[in-house]
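Mapping to our numbering: the sequence shown position 54 is 42, numbers consecutive.
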Amino acid sequence: MIAQNAHYNEKLAGVYEQMYPIGFDTTAAVEFLDGMLEPGGKVLELGIGTGRIALPLAERGHEVHGVDGSEAMLARLREKDPHGAITAALGDFTQPLTDFDESYDLVTLVLNTFFVAVSKEAQVACLRNARERLAPGGRFVLEAFDPSPYHVMEKPDFSMRYLNESTVMLDTLTVDKTQQLMVATHTIVDGGPPSTTHHVLRYAFPLEIDLLAELAGLRLVERWSGWYQEPYSVTSPRHVSVYERTD
Ligand SMILES: C[S@@+](CC[C@H](N)C(=O)[O-])C[C@H]1O[C@@H](n2cnc3c(N)ncnc32)[C@H](O)[C@@H]1O
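Structural data, given as structure tokens:
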């Protein structure tokens, strides 16, 4: 596994919302998160991206802050937020968050973004950041896939997705289960020179995330199979987990 984690570059940022179309799931996520907040609640999103979740939460009257490691993603967010409803900064959520010294009612880390921290140390550092920014009584919400099907993958996987009438994306996925690492490549084919990015994810199983969270001073409060609060079960492909501070 030699690939380095790539940030979302300009080209990938440009098709990001076609990779993850805004649909009922985003709406359900926003409903779920809004339901955890009092009116005018304070929210910090780690890996805020283009504001898929953050903008609708701000529209509901919450004060939303965010950090992201990609200037290209933040540029898209600013385009969608011309009045600056959201406060977002360039930064790495596995490093001390010096731009954010306030505390928040809700800290979020959604859409598998936790797994971009590619070692257990980096994952604990990320969880510590979440813990340190939580106000007393606040909640931390993490959404991630269940890695079970990937953990047993023996051969690289290849797939293709439609992005729009003139653009497709070629995806490859390789798993090293000894390190719990996945390397995904995304190649955008849009008529111009193809552009490939590599993403490394360090996947973790839900109970392992709970242990890492405990090391960071967080404890699990509830776990769902999705944003509609479906019961979490052996067949759940992912989980929405809610944590609180242990002190
Ligand atoms: C899958 S996207 C999710 C974006 C947004 N949360 C959403 O739900 O649409 C992951 C985001 O995390 C950002 N990211 C990746 N590693 C990061 C890091 N170490 N620190 C801050 N942001 C990071 C990426 O630039 C990208 O915008």
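Even glycine gets a Cβ: it sits at the ideal position worked out from N, Cα and C.
Residue of the options minimising C-alpha distance to residue i
i, options, result
"Val177", "Leu94, Ala77, Asp159, Ser224", "Asp159"
"Tyr150", "Leu0, Met7, Lys(-1), Ala1", "Met7"
"Pro27", "Thr184, Gly37, Ala46", "Ala46"
"Val98", "Asp235, Leu195, Glu142, Val55", "Val55"
"Glu202", "Ile36, Ala60, Leu115, Gly37", "Leu115"
"Thr185", "Thr175, Pro194, Phe193, Gly179", "Thr175"
"Ser224", "Val163, Arg233, Arg211, Asp235", "Arg211"
"Asp164", "Ser154, Val156, Val140", "Val140"
"Glu19", "Pro194, Tyr(-4), His50, Asn(-3)", "His50"
"Leu130", "Glu232, Leu25, Lys(-1)", "Glu232"
"Arg207", "Leu199, Ser213, Ala17", "Leu199"
"Glu218", "Asn(-3), Ala16, Leu0", "Ala16"
"Val237", "Thr155, Asp134, Ile36, Thr173", "There is simply no residue 237 to check, as the chain begins at -11 and stops at 235 in what is shown."
"Asp89", "Arg127, Val31, Glu142, Met148", "Val31"
"Lys68", "Leu78, Gly23, Leu43, Leu85", "Leu43"
"Ala123", "Lys(-1), Gly29, Ala1", "Gly29"
"Gly72", "Gly214, Val52, Ser91, Met157", "Val52"
"Met24", "Trp215, Ala132, Asp80", "Trp215"
"Gly179", "Asn117, Phe193, Leu78, Glu153", "Glu153"
Integer Cβ distance of residue i from residue j, believed to fall under 8 Å
i, j, result
"Ala105", "Arg226", "So it is not a contact: roughly 18 Å between Cβ atoms."
"Arg119", "Gly205", "5 Å"
"Thr101", "Leu34", "7 Å"
"Pro182", "Leu161", "That belief does not hold up - the Cβ atoms of Pro182 and Leu161 are roughly 18 Å apart, past 8 Å."
"Ala110", "Thr82", "4 Å"
"Leu94", "Leu21", "6 Å"
"Val188", "Val171", "5 Å"
"Val3", "Thr155", "6 Å"
Cβ-heavy atom distance, residue i to ligand 1, below 6 Å
i, result
"Leu122", "no"
"Ile41", "yes"
"Tyr191", "no"
"Gly54", "no"
"Ser229", "no"
"Phe81", "yes"
"Thr185", "no"
"Ser58", "yes"
"Gly35", "yes"
"Tyr92", "no"
"Val104", "yes"
"Ala78", "Just to set this straight, residue 78 is Leu in the shown sequence, not Ala. Not under cutoff, so the answer is no."
"Met61", "yes"
"Leu237", "A query on residue 237 cannot be resolved here, the shown segment of the chain reaching from -11 to 235 and no further."
"Thr283", "Outside the shown range of the chain, which is -11 to 235, sits residue 283, and nothing can be said about it."
"Val129", "no"
For the stretch 188 to 215, list the beta strand (DSSP E) runs that are entirely contained and at least 3 residues long, ordered along the chain. 206 to 212
For the stretch 34 to 110, which segments carrying the alpha helix (DSSP H) assignment without a break, of at least 4 residues, lie completely within its bounds, in sequence order? 42 to 47, 59 to 68
Fully enclosed by the stretch 125 to 173, which alpha helix (DSSP H) runs are 4 residues long or longer? 136 to 139
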